[in-house]
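Engineer: Residue numbers (this note's numbering): 28 to 103.
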């Protein structure tokens, strides 16, 4: 069996467009709200997103693996 390095399709970017930011907010929702059961009262359940006011003043980075958002970080 041949193993492919995990980094071959890993990309790290800054979320500059609304589409990229929404993808990050959806990942946060999946992790924090659904998996960890946190932020239930402040999450946007209709759109399945988790964002905060501070996001508007922050630089948000994210990583994709094979086109799927798999990690995010915020620098405020």
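Beta carbons are placed, not taken as given, at the ideal position from N, Cα and C, and that holds for glycine.
(1) Is the separation between the beta-carbon of residue 88 and that of residue 58 shorter than 8 Å?
(2) Buried or exposed for residue 77, going by 16 or more other Cβ atoms inside 10 Å?
(3) For residue 70, which residues from the same chain have a beta carbon less than 8 Å from its beta carbon, with the 5 sequence-adjacent residues on both sides left out?
(4) For residue 100 and residue 90, what's the separation of their Cα atoms in angstroms?
(5) Mind checking whether residue 37 and residue 102 have CB atoms under 8 Å apart?
Structural biologist: In short:
(1) Within the chain shown, numbered from 1, the residue matching residue 88 stands at position 61. Within the chain shown, numbered from 1, the residue matching residue 58 stands at position 31. Their beta carbons are not under 8 Å apart, which means residue 88 does not touch residue 58 by this criterion.
(2) Counting from 1 along the chain shown, the entry for residue 77 is found at position 50. Looking at its Cβ environment, which holds 16 or more other Cβ atoms inside 10 Å, residue 77 is buried.
(3) On the chain shown, residue 70 is found 43 positions in, with the first residue counted as 1. Contacts found: 56, 59, 60, 76, 77.
(4) Mapped onto the chain shown, residue 100 falls at position 73. Mapped onto the chain shown, residue 90 falls at position 63. Distance between the alpha carbons of residue 100 and residue 90: 9 Å.
(5) Position 10 of the chain shown, counted from the start, is the residue given in the question as residue 37. Position 75 of the chain shown, counted from the start, is the residue given in the question as residue 102. Cβ distance not < 8 Å, so residue 37 and residue 102 don't count as in contact.
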